[in-house]
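Reading through the structure tokens given below for one structure.
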Amino acid sequence: MSKSAGCCKRFLHYAFDYETPKTLVIPSLGVGFVFRFTQFLVVIRGLIGWGCGKYKAYQDTDTVISTVTTKVKGFAFTNTSDTEPRFWDVADYIIPPQGDHSFFVLTNMVVTPKQVQSRCPELPSPSTICVDDCNCVEGHSDPRGNGIQTGLCENYSTTARTCEVLSWCPLEIDTKLPEHALLAAAENFTVLIKNSITYPKFNFHRRNILPHVNSSYLKRCEFSRLTDPHCPIFRLKDIVSEAGEDFQDMAVKGGILGILIDWSCDLDWWAGECLPKYSFRRLDNKHPVNNVAPGYNFRFAKYYKTADGEETRTLIKAYGIRFDVIVFGTAGRFSIVPTIVNLGAALSFLSLVPVVADWFLVTCSRKRDLYSRHKTTHLTEDADSASVRDFSPSLSLMNLISTD
Amino acid sequence: MSKSAGCCKRFLHYAFDYETPKTLVIPSLGVGFVFRFTQFLVVIRGLIGWGCGKYKAYQDTDTVISTVTTKVKGFAFTNTSDTEPRFWDVADYIIPPQGDHSFFVLTNMVVTPKQVQSRCPELPSPSTICVDDCNCVEGHSDPRGNGIQTGLCENYSTTARTCEVLSWCPLEIDTKLPEHALLAAAENFTVLIKNSITYPKFNFHRRNILPHVNSSYLKRCEFSRLTDPHCPIFRLKDIVSEAGEDFQDMAVKGGILGILIDWSCDLDWWAGECLPKYSFRRLDNKHPVNNVAPGYNFRFAKYYKTADGEETRTLIKAYGIRFDVIVFGTAGRFSIVPTIVNLGAALSFLSLVPVVADWFLVTCSRKRDLYSRHKTTHLTEDADSASVRDFSPSLSLMNLISTD
Amino acid sequence: MSKSAGCCKRFLHYAFDYETPKTLVIPSLGVGFVFRFTQFLVVIRGLIGWGCGKYKAYQDTDTVISTVTTKVKGFAFTNTSDTEPRFWDVADYIIPPQGDHSFFVLTNMVVTPKQVQSRCPELPSPSTICVDDCNCVEGHSDPRGNGIQTGLCENYSTTARTCEVLSWCPLEIDTKLPEHALLAAAENFTVLIKNSITYPKFNFHRRNILPHVNSSYLKRCEFSRLTDPHCPIFRLKDIVSEAGEDFQDMAVKGGILGILIDWSCDLDWWAGECLPKYSFRRLDNKHPVNNVAPGYNFRFAKYYKTADGEETRTLIKAYGIRFDVIVFGTAGRFSIVPTIVNLGAALSFLSLVPVVADWFLVTCSRKRDLYSRHKTTHLTEDADSASVRDFSPSLSLMNLISTD
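Chains as they are written, first to last, in the UniProt record's numbering: chain E, 1 to 404; chain U, 1 to 404; chain V, 1 to 404.
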């Protein structure tokens, strides 16, 4: 036998000798049943958690990227005692006009026309009412006021005198908000929502206008959860109703309404089609308690120049409903990495099963002593001679903990 | 031996006696090879899934937060037969002017100047053509019409009579859209995109203007995928071309173009730099079939007051390209928690290897009988006397399932 | 014994015979300690990674969906040598007026009033200065210029002659930016930020106006990190200070300021309340090196019509601070799937412990030979007769690798 052959043989033994546990087969119905039942529980639980739940363990996920365009249609005619008769179209009541994921429909307003930079008496309030000029401080500006005081005390009305301010005059009196929304007719306006989404990780693109839908249907359809759940044209009144609100109520002081489009999808081929799910929810807090500045409004102005070059403006405090199209979703598609990770985690539970069965074997089974004796060899001084037959060297060292 | 010493000894035995499986070493090249090969497969597969894939198993991930500012430069001069000669600069054609992540470049339009609130005959269509006043209903408003009918039938032209409506008059005739985009010169406008991103979980901030780039380069550079892939200034024509579209085509009816900035990064120090990757994609559907309101347009108005205080407006139906800068990305960085989770999952696969090897051992190997007999002890009535020597008590209980 | 009974018995044996490893109990303090200590380490490490870290292994996570409304309050009066005295309110300095997640506060500006479409000499620069008409090319438009050249050379001032251009005239001279911000008073403006969030996966809704806060407090409070960390009203100066910037500095050339609201929450009932955390960060790059177009500005125009119908405009190059409200966050809630996945992964580490202890047993312990002999049975030719007693058939086949 040459040296290299011996070396090679030792390496082969080292690398390819296979070490396997010695096992004992126990023909006990009780233990066997516990073993199989535990195994069954783990597998069933694993399968349920694995593929039947909402979040599939074998899938990689990605978050949606989306673009939205909106286009409102409709017109209205207003003729109240306070205002002149007026016709309103899209260019008048949609602000901003672009129609992206958030659009505002004007429903009520306080208009203050012909404002110019000048001086006028403040609106009466405890801090602005004055008796004479001594009550007014030149240059003082109250954050809750409407301008910089000039130091004069002027007649606001026949009964009240207030400090004069430098401001856009006449001042806006926003307490005169109409009780019924001016553009009540806005409830019949319709909005077309076009939404394209992408899951970049999966290179998956989809529109909310479904492929099987034809153009003529799109021109006359209107969203309805029951009959037309995939029509992209929504009547404003329906949107507000679906959110559990009343349009006319909401129109007076304004509010924010979320149009939520859920694109959560299972992109595996065996799953069904990936379809958008619409839902609607009021996003601002309508309750008057614990609320600051309820409703939704903002001020904007249209600027004009008079013939002699002076700048005037029409200030509009616009109340209305802001519709926010919120697109969200997570898509999953089979991927090998999460599959392996989750499968591995599941497998390690199977390795717990023998632990349970062994515990049952040596604790609860009727013949636990018999099983224990065959299964376990105790390597102690006394047991050594009994259960170990081949040799008994230096067991005294073992007395470290087993001696009296 | 005192009682407490015995108790202590028993506890020590309980806590520190080590129970280890008895094993059998089998010097079989076949079984050993199956064992090592399966082990090798699992480890290799694990390593590939682990660190070489796109999604590193040892990393924690975070989603990008971003801010975008855009600034368009360029001017144009239009002089067509339909319109007056006019010079256009940024303040004229960029709507809204702020320049955030979405900006609109006006390329074509239908202008209806000098509209005032008044009455005029409707545009001719099957539902508006009338013979006399009986065909028109006062107060009726057709959603596809342009105003509220007054109940009169008026001459629209020398040949057609239509119902009169209350509206902004004259009515817009949007079928007269120029066939060639009015601002065809917009293709040479440039846009500077400034994008700052943050991965809050990793406190990582980065700009799309790279640190090594100097100001003078930035003032004259222009994005080109080949020569200047990191220049933040883009020619509009190039953006549209990269998306596989023709600018002049798209300019006529408008559209939406996505400028996608991908900040997916590996933030571990051994990975390379974190750089933005630009891509471009048309986001609206240009195909006329299965499409509603193709292209991209919206209406807005400029309001004026005449010398005698009457409000007039210029209605503009603006066609153009909306550029949406969409920033997305996921960053990963080494983190101990996912490392352990994934490593644990991988490890549990290694525990499967002996199962495979054992199965091969007792099923396929040539000496399976020999191995089986040494590996497995059957605790049955007959086998008991043969393989179990020390005792044989109460085996009759075991006959529960093994008796005939 | 019938045939079916035998078949049934065999099936019962196959299904319910329980195979368990034979084990050897070793009463060694050393090995036992290594075993228990390794087990202890794994469990402790597991528990730390499991529940004490930022990202709980037993939780499912979701990303926040949010809506923001903002409302700025405040007015200012400007009276500098360059401009006329003017009063500014919200409708003047907030652009766009809607108040969504991004709002711009005008702080400085270059105003060019009374521009009309006409011809005027270019601003002097090396490329526009001319001596006579020969230096100017009709129809030429320099991208850095301000209009289309008419081919004429005109007097720009008494000392300089430049090419005439067709443009909005007079041209804007934006080098005359005021050194001190015009609306320096903007630092005292306040902004109310209303933010509603949703975690759709958990059907969890929350507002940044906390339930226990009452309306009267909201009307007078002001955010302060120390005293009022949950007041939704912010003074602009404080926002800028918190971001480490100086308002007056930033107001001159403008900039972008991020108001970050972190809604990261642990939604399990045993965790505390879910509260927003505010932070502030300047998002643009203020350093003049490696920067293009520093600060933040944009141009917009107000359009007027003169009495004779000619369109004029006031061009405003607006400098100011854009405030971007950025809402982010991830919520976690106990979920069975990630719990099982992570628990499984943790468990598989426990299965490593015997491997470590066995290695210590046969390598480092003092009585390793004794333990090895009892633990491991070598199935070789020589050992066969010694350790294996029952039979010795056909061992020559095993000589494949063990022969010399």
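Beta carbons: idealized from backbone N, C-alpha and C, even for Gly.
- Message: I'd like to check one pair, CYS169 of chain E with GLY151 of chain E: are the Cβ atoms closer than 9 Å?
- Response: no
- Message: DSSP three-state label for ASP382 of chain U, please.
- Response: Only weak support is given to the placement of ASP382 of chain U: the predicted model assigns it a pLDDT of 42, under 50, and the question is left unresolved by the model.
- Query: What does ARG207 of chain E reach in chain U if we use C-beta pairs closer than 7 Å?
  - Reply: ASN285
- Message: Starting from GLU242 of chain V, trace the alpha helix (DSSP H) in both directions and tell me its first and last residue.
- Response: 236-242
- What residues of chain U sit near HIS230 of chain E, judged by a beta carbon separation below 9 Å? By Cβ distance, chain U contributes nothing, its closest Cβ being about 12 Å from HIS230 of chain E, past 9 Å.
- Query: Looking at chain A, which residues of the stretch 10-26 of chain U have a Cβ within less than 8 Å of any of its Cβ atoms?
  - Reply: No chain A is present in this structure, whose protein chains are E, U and V.
- Answer with yes or no whether the minimum CB distance from ARG299 of chain E to chain U is below 9 Å. no
- Message: Please list, in chain order, the chain U residues whose beta carbon lies closer than 7 Å to that of ILE65 of chain E.
- Response: ILE326 and PHE328
- Between VAL341 of chain E and chain U, is there a C-beta pair that is closer than 9 Å? yes
- Task: For SER264 of chain U, collect the residues of the same chain with a Cβ closer than 6 Å to its Cβ; drop the 5 residues on either side in sequence, then sort them by chain order.
- Result: GLY329 and THR330
- Alpha carbon of CYS221 of chain U to alpha carbon of ASN214 of chain U, nearest angstrom: 11 Å
- Taking the Cβ atom as the reference point for each residue, do THR69 of chain V and ILE256 of chain E lie within a distance shorter than 9 Å? yes
- Between the C-alpha atoms of GLY139 of chain U and LEU177 of chain V, what's the straight-line distance to the nearest angstrom? 55 Å
- Task: Return the residues of the stretch 252-273 of chain U that lie within a Cβ-Cβ distance of less than 8 Å from chain E, sorted by chain order.
- Result: ILE256, GLY258, LEU260 and ASP262
- Task: In angstroms with no decimal places, state the Cα-to-Cα distance between PRO143 of chain U and GLN59 of chain E.
- Result: 47 Å
- Message: Residues in the same chain with beta-carbon distance under 6 Å from GLU242 of chain E, minus the five sequence neighbours each way, listed in chain order, please.
- Response: PHE280
- Message: So for ASP92 of chain E, helix, strand or coil by DSSP?
- Response: helix
- Please go through the stretch 157-235 of chain V and give each complete beta strand (DSSP E) segment of 3 or more residues, from N-terminal end onward. 161-169, 190-199, 204-207 and 233-235
- Task: Let me know if GLY99 of chain V comes out buried or exposed under the rule of 16 or more other beta-carbons within 10 Å of its beta-carbon.
- Result: buried
- Query: Shorter than 9 Å from the beta carbon of GLY147 of chain E to some beta carbon of chain V?
  - Reply: yes
- Residues of chain U with CB under 8 Å from THR69 of chain E, in chain order? ILE256, ASP284, TYR296 and ARG322
- Query: Taking one C-beta from the stretch 341-348 of chain V and one from the stretch 61-68 of chain V each time, how about it: are there three or more such pairs within less than 8 Å?
  - Reply: no
- Counting along the chain, where does the alpha helix (DSSP H) carrying ASP268 of chain E start and finish? Looking at the DSSP string, ASP268 of chain E is not in any alpha helix (DSSP H), and its letter there is neither H nor E.
- Take THR306 of chain U and list the residues in its own chain whose beta-carbon comes closer than 7 Å to its own, dropping the five residues that flank it on each side. THR312
- Task: Hey, could you find the ends of the alpha helix (DSSP H) PRO354 of chain V is sitting in?
- Result: 353-363
- Query: Just the Cα atoms here: how many angstroms apart are GLY244 of chain E and LEU275 of chain V?
  - Reply: 27 Å
- Query: Taking DSSP as the reference, what is the three-state secondary structure of TYR14 of chain V?
  - Reply: helix
- 9 Å Cβ cutoff met for THR198 of chain E and PHE204 of chain E: yes
- Query: Do PRO200 of chain E and ASP369 of chain U have their CB atoms nearer than 9 Å?
  - Reply: no
- Item | Residues that LEU218 of chain U contacts on chain V, provided the C-beta gap is smaller than 7 Å | VAL292
- Message: Looking at chain E, is there any beta carbon in it that lies within less than 9 Å of the beta carbon of GLY309 of chain V?
- Response: no
- Tell me the DSSP bridge mates of LYS253 of chain E? The partner list for LYS253 of chain E (beta bridge, DSSP) is empty, contrary to what the question assumes.
- Message: Out of U:PHE33, U:PRO124 and U:GLU154, which one is the CA nearest neighbour of ASP133 of chain U?
- Response: U:GLU154
- Residue from E:CYS364, E:ARG322, E:ARG36 and E:ARG333 with nearest C-alpha to ALA186 of chain E: E:ARG322
- Any beta-carbon of chain U closer than 9 Å to the one on GLN59 of chain V? no
- Query: Since THR112 of chain U meets chain V, which of its residues come closer than 7 Å, beta carbon to beta carbon?
  - Reply: Those do not exist, as THR112 of chain U stays about 15 Å from chain V at its closest Cβ, beyond 7 Å.
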